[in-house]
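Beneath this line is the structure, given in structure tokens, with notes to follow.
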Amino acid sequence: MKHYLKTLEETVRKHWNLKALCDYKGESFTYGDLATNIEQFRLFLNDAGIAKRSKIAICARNSARWAMAFWDVNVNGCVVVPLLAEFHPNSIVLLTHHSDSVVLFTDDDIWEKLNPSQMPSLKAAINVKDWSLLWHRDEKVAKAWRNREKTFKQRHPRGLSPDKVSYPTNNMDKLAIINYTSGTTGNPKGVMLTYGAISDTDEFANAHFPNQPGDTIVSMLPMAHMYGLAIEFIHPNVDGVTVYFLGKTPSPSTLLKAMQEVKPYMVVTVPLVMEKIYAKSIKPALEKMKWACRMPFSEKLVYKIIRKKILSAFGGKVKCFIMGGAPIKPEVEQCFSKMRLPFTVGYGMTEACPLLAYEWWTDFVPGSCGKAVHEIRIDSEDPKNIAGEIQAKGSNITVGYYKNPEANAIAFTDD
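Residue numbers (our numbering): 1095 to 1509.
Okay, structure coming up:
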């Protein structure tokens, strides 16, 4: 299994001047910029005395700098703790403290609502918007952060060159991410995912929905969820795909305008977005053409025309619409199937980093959620007729919940 950081290293070296991370209608960074930022962060960690495997939280709205912060932490061997910007301030404080995070990347307006005295492990808070220091408890850390660019220039007077880029790959079993669940089945739990789990997901993605340098994608899902983080960001970005971030949740018109301009190779979304498009655009069009849909030959033509318009509305280069996070309404799914829209509905969870089931759209069976990614069984005496718990096994599965032995005891079987 190939390490995803090896892929990122190769991409950075080969495509130094290619755009890597962009804010839609905002700033952009090349892979060379990204590599430079990662090296500056490495020097900061060394000077600040922050050890590898230390936890560093990111709680901010989606942006190119959010993604930069992720690679800074992840490549340099610290553990990323992504937290939803929409979490209540008390929850952000609680989870930052519970994760033992020593640094917090956040937005200034979020930081204003937090109480650092309730996060005793925290040494500093950094503004994602401009890398300014929002607060610090440790003067050594603050000094190292302020001097990181100066230190970088001393170490690399001519700047960083592509041939000097080298990222660690001997850490497959080491912890990479603690991703807190949203708490839909109780209090949030810190799901521990290794570099190996991310590499496994990236390898599966490459085999089933590959991409190439120069492709583009629009990021609209929360980066603090593994679905958006792994499928919409990590997998594309390590392969040279330029990721455009919309920031806050866009309106349908803003979303489609961005799609028209960015021309993504793939759309990763939730069924609700596609259901809205169906309700506002597709269904009314079909109602107007109801008379034509009564005739077999003209019905096919109507669906073909609508399909072409949808693909054009999303930029004209979409190879597949991947949906997950919820089931899709049967009425909508039947319509999409009739028009041969390239869509598929997968199934997963944070604990699976995040894929449990998926199938490419040409082989996808409507009404299903794809085929098992690895080993799956139903804990039932008669799984075809009696519902039972879905149990999964594979190198993409979590190694456990952070500081939560009770949850671990419930979640894991002997095998």
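Each residue gets a CB set at the ideal place from its N, CA and C atoms; glycine is no exception.
Bear in mind that the values here come from a model prediction, so they are computed numbers and not experimental data.
Which residue marks the beginning of the beta strand (DSSP E) containing residue i, and which one marks its end?
{"i": "Ser-1122", "result": "1122-1124"}
{"i": "Gly-1284", "result": "1284-1288"}
{"i": "Cys-1116", "result": "1113-1117"}
{"i": "Ala-1161", "result": "Segment 1158-1169 is the alpha helix (DSSP H) holding Ala-1161; no beta strand (DSSP E) there."}
{"i": "Lys-1514", "result": "Nothing can be reported for residue 1514: it is not among the residues displayed for the chain, which extend from 1095 to 1509."}
{"i": "Lys-1149", "result": "1149-1153"}
{"i": "Cys-1414", "result": "1414-1417"}
Hey, quick one: how far does the alpha helix (DSSP H) through residue i stretch, first residue to last?
{"i": "Thr-1348", "result": "1346-1356"}
{"i": "Thr-1101", "result": "1098-1108"}
On the DSSP bridge list, what partners appear for residue i?
{"i": "Ile-1500", "result": "Looking at the sequence itself, residue 1500 is Glu, so the reference to Ile does not match. According to DSSP, which records beta bridges pairwise, Glu-1500 is partnered with nothing at all."}
{"i": "Lys-1487", "result": "Glu-1469"}
{"i": "Gly-1494", "result": "Met-1286"}
{"i": "Tyr-1441", "result": "Ala-1451"}
{"i": "Asn-1273", "result": "Val-1285"}
{"i": "Val-1459", "result": "Note: Val-1459 sits in no beta bridge, so no partner."}
{"i": "Val-1173", "result": "Lys-1149"}
Between residue i and residue j, how many whole angstroms is the CB-CB distance? I'm expecting something under 8 Å.
{"i": "Pro-1436", "j": "Val-1412", "result": "7 Å"}
{"i": "Leu-1350", "j": "Val-1312", "result": "Contact flag wrong, Cβ pair sits at about 10 Å."}
{"i": "Ala-1238", "j": "Phe-1164", "result": "Actually they are not in contact, since the Cβ atoms of Ala-1238 and Phe-1164 sit about 20 Å apart, beyond 8 Å."}
{"i": "Val-1174", "j": "Ile-1325", "result": "Wrong, their Cβ atoms sit about 16 Å apart, outside the cutoff."}
{"i": "Met-1353", "j": "Ala-1407", "result": "7 Å"}
{"i": "Met-1266", "j": "His-1097", "result": "7 Å"}
{"i": "Thr-1130", "j": "Ala-1114", "result": "Going by Cβ atoms, the distance from Thr-1130 to Ala-1114 rounds to 11 Å, so no, they are not a contact pair."}
{"i": "Met-1320", "j": "Thr-1444", "result": "5 Å"}
{"i": "Gly-1525", "j": "Lys-1357", "result": "Residue coverage of the chain in this structure runs from 1095 to 1509, which leaves residue 1525 outside it and unanswerable."}
{"i": "Ala-1486", "j": "Lys-1283", "result": "No, Ala-1486 and Lys-1283 are not in contact; Cβ-Cβ is about 16 Å, not under 8 Å."}
{"i": "Gly-1253", "j": "His-1109", "result": "Not really, about 17 Å apart at Cβ, beyond 8 Å."}
{"i": "Cys-1414", "j": "Phe-1303", "result": "6 Å"}
{"i": "Asp-1201", "j": "Ala-1179", "result": "7 Å"}
{"i": "Gly-1464", "j": "Tyr-1452", "result": "4 Å"}
{"i": "Ser-1215", "j": "His-1182", "result": "Not really, about 20 Å apart at Cβ, beyond 8 Å."}
{"i": "Tyr-1338", "j": "Thr-1310", "result": "7 Å"}
{"i": "Leu-1449", "j": "Thr-1336", "result": "Between Thr-1336 and Leu-1449 the Cβ distance is about 23 Å, and since that is not below 8 Å, they are no contact."}
{"i": "Ile-1472", "j": "Gly-1440", "result": "18 Å between Cβ atoms; not a contact."}
4 or more residues per run - each alpha helix (DSSP H) lying fully within the stretch 1175-1263: With a minimum length of 4 residues, the continuous alpha helix (DSSP H) runs that stay inside the stretch 1175-1263 are 1183-1192, 1202-1205, 1233-1240, 1242-1249.
Inter-stretch contact (C-beta, 8 Å, three-pair minimum) for the stretch 1190-1200 and the stretch 1143-1151: Verdict: yes, contact present.
Whole beta strand (DSSP E) elements within the stretch 1304-1380, 3-residue minimum: Whole beta strand (DSSP E) segments, 3+ residues: 1310-1313, 1336-1339, 1360-1363.
Meets three-Cβ-pair contact criterion under 8 Å: the stretch 1138-1148 and the stretch 1327-1346: No, the stretch 1138-1148 does not touch the stretch 1327-1346.
Cβ pair count under 8 Å reaching 3, the stretch 1359-1368 against the stretch 1419-1430: As far as the Cβ criterion goes, the stretch 1359-1368 touches the stretch 1419-1430, which means the pair count is three or higher.
Cβ contact check for the stretch 1486-1493 and the stretch 1287-1302: 3 or more pairs under 8 Å: Yes, the stretch 1486-1493 is in contact with the stretch 1287-1302.
Cβ pair count under 8 Å reaching 3, the stretch 1208-1226 against the stretch 1155-1162: As far as the Cβ criterion goes, the stretch 1208-1226 touches the stretch 1155-1162, which means the pair count is three or higher.
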